[in-house]
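Contents: one structure, followed by commentary.
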Amino acid sequence: MLRYLFAKLFSRLFHRQGEPTPGRPREYPSQGVAYPYALAAFLFFGIQSLVATAGALDQVIPDLPVPVPFEVGRSIHLNLAIFWPLLGAMGLAYYFFVAEAGTDLASRRLARGQFLIFTLILLLDLGALSLKLTEGREYLEAIPPLDWALVLASVIFAYNLGRTYLKHGVPRGRPTLLAFLLGAITLVAFFVPNLFFYPHPAADEIVKFWVVHLWEEGSLELVATAVLAAVLLAVLGEGRAAIEGALWLELFLVVASSILSTAHHYYWIGLPSYWMWIGGVFSGLQLVPILLLTFSAAKGFRRGRWRRLDPASKLSLAMVASSVFYHLTGAGLLGFTLAIPRLNLYAHGTYLTSAHAHLALFGAFGLMILAGSFYVLTRHLELSRAEGRRAWLGLALVNLGLVVMGGALALAGFLQAYLWRVVGGDFMEVQGLIRPYLGLRAAGGAFFAVGDLLLVWAILAPAWRQRHLFLRELAFWRA
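Structure below.
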């Protein structure tokens with residue numbers, strides 16, 4: 001039976017098919033609920049880059065006068081890094097779930113209400129963090145009422161997708177639908193344990209990583225991979241059999257490996273050392289599905305479809321290509337290297353981890369969410385030629401900034417691990433030696449921030465010209 005299944009899978013992946021013709025997919029009225037989500041993701045992405053650049057400068061110039069202390073700015077930066085991709089992922093799930101299901105969303109009112117709840121949570125969270133009103137848990141600083149409100153928004157999300165999935169005529173076995181639905185359900189499942197108090201700090205740390213890592217490596221990666229598949233199907237007209245074959249394998253490997261690949265963190269929490277080996281082995285499995293989806297995308301480019309695409313679709317695919325690159329290098333190769341037990345003993349908690357985090361955020365789902373959001377918004381927003389050039393320049397600077405940041409942090413982390421943990425140098429002396437690399441990291445952050453703002457400006461200007469599209473979708477009382 002297993003032999004038959006694998007034979008079927010590989011025949012779908014590698015069979016040469018006739019060239020499908022990319023065309024404009026059918027649109028459904030309820031897909032409009034995704035517009036505010038996509039626009040808000042870009043706006044909060046812009047805010048995050050400004051906060052991050054200020055924090056990077058504070059690392060280089062500790063006495064730099066800033067409006068909020070470093071630890072508060074770091075909390076704001078980390079919370080935004082979780083929330084804006086989640087906001088964008090929810091909107092893209094609504095948009096592409098409807099397209100893949102071939103039917104309208106079960107409830108547009110619920111989707112609009114969910115957007116308002118989620119945006120209010122994010123704004124209140126940023127305000128509370130600025131006033132130092134936190135729960136005191138790293139990465140999960142939000143006060144308890146906001147945690148419960150986040151669960152409410154996530155339950156609405158899963159319920160709305162579930163009701164749509166159960167409608168008559170929906171293709172139940174389509175992997176894109178299952179990936180979106182599984183991502184929505186696990187968002188709730190991984191977060192709910194964090195609503196409760198655990199007297200033992202090790203237990204508290206374990207459930208915290210179910211959000212910090214399993215949201216990213218499980219829930220959001222499921223949604224981002226489904227978005228990748230849906231964008232390739234919609235933009236390139238890539239053969240569904242090849243894409244779905246890779247997506248089935250992605251579903252299997254994410255479910256099988258994401259929970260156990262987090263295990264290398266458990267050793268540092270206080271669990272036995274074999275957890276580090278379990279995490280190292282299963283981290284390697286996460287490279288396989290993205291390679292297969294990359295192969296499917298490359299086939300589409302080889303067939304020359306790029307020349308037939310409109311400018312906005314080309315930019316969306318450029319973001320997809322950037323995402324795949326950082327997924328392979330930052331999330332995949334660097335993440336797997338850091339998870340190797342013997343290396344992890346020296347690299348854990350250094351700037352190597354920070355390099356991995358920055359590249360993985362935009363590789364695993366960040367740039368994929370931006371690509372999908374840009375695609376969704378430009379279906380109805382017309383960019384001028386100047387705005388198109390601005391967007392391309394913005395994406396180029398974002399990529400330049402990421403490469404400089406990631407490279408500088410990796411060099412700083414390597415020197416930090418070697419001079420401090422291998423040679424045994426004094427911690428503060430080592431910090432002084434790696435400061436030039438942190439300055440280079442801040443320069444990369446500045447490039448990134450400028451590119452980020454150019455991208456946001458390129459999409460915000462046409463959005464303002466056609467703001468009626470977004471205002472209409474914010475009226476949650478409308479059917």
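Heads up: the sequence shown begins at 1 in my numbering, then just goes up one per residue. Note that beta-carbon positions come from the ideal geometry of N, C-alpha and C, so glycine has one too. Nothing here was measured: the structure is a model prediction, and the numbers come from that model.
For V398, the enclosing alpha helix (DSSP H) stretches over residues 385-416. Around the beta-carbon of A364, 16 or more other beta-carbon atoms lie within 10 Å, marking it buried.
Secondary structure of I117 (DSSP, three-state): helix. Rounded to whole angstroms, the Cβ separation of T103 and V170 is 6 Å, and the two are in contact under 8 Å. Membership of K314 in the alpha helix (DSSP H) is indicated by the continuous run 311-326. With 16 or more other Cβ atoms inside 10 Å of its own Cβ, Q286 counts as buried. Per DSSP, reduced to three states, the secondary structure at P36 is helical.
Proximity to L187 across A54, A242, A408, A93 peaks at A93, based on C-alpha coordinates.
Around the C-beta of D426, fewer than 16 other C-beta atoms lie within 10 Å, and the residue is accordingly described as exposed. Looking at the backbone, the Cα of L228 and that of E382 are separated by about 23 Å. Of L233, S258, A234, the smallest CA-CA separation from F209 is found for S258. Fewer than three beta-carbon pairs drawn from the region 380-396 and the region 430-441 are found closer than 8 Å, and the two stretches are therefore not classed as touching. A331 places its beta carbon 8 Å or farther from that of L338.
Separation of Q416 and K314 (C-alpha to C-alpha, rounded to the nearest whole angstrom) is 40 Å.
Between F44 and W84, the gap from beta carbon to beta carbon is short of 8 Å. 8 Å or more divides the Cβ of A38 from the Cβ of G73. Cβ atoms of V254 and G284 stay farther apart than 8 Å, at about 14 Å.
Under the three-pair Cβ rule at 8 Å, the region 355-369 counts as touching the region 398-411. The DSSP-derived three-state label of F362 is helix. Around the CB of F295, fewer than 16 other CB atoms lie within 10 Å, so the residue is classed as exposed. Annotation: L291 to L333 spans about 12 Å, alpha carbon to alpha carbon. In the three-state scheme derived from DSSP, where H, G and I count as helix and E and B as strand, Y198 is classed as coil. Here the region 173-189 makes contact with the region 146-162; the two share three or more CB pairs at distances below 8 Å.
Between the beta-carbon of L80 and that of I117 there is about 18 Å, and that puts the pair past the 8 Å contact cut. Here E141 has S75, N79, L129, T134, E135 as same chain residues with Cβ atoms under 7 Å from its own Cβ, once five neighbours each way along the sequence are excluded.
Proximity to A446 across I434, V430, G424, G394 peaks at G394, based on C-alpha coordinates. Assignment of G424 by DSSP, reduced to helix, strand and coil, places it in the coil class.
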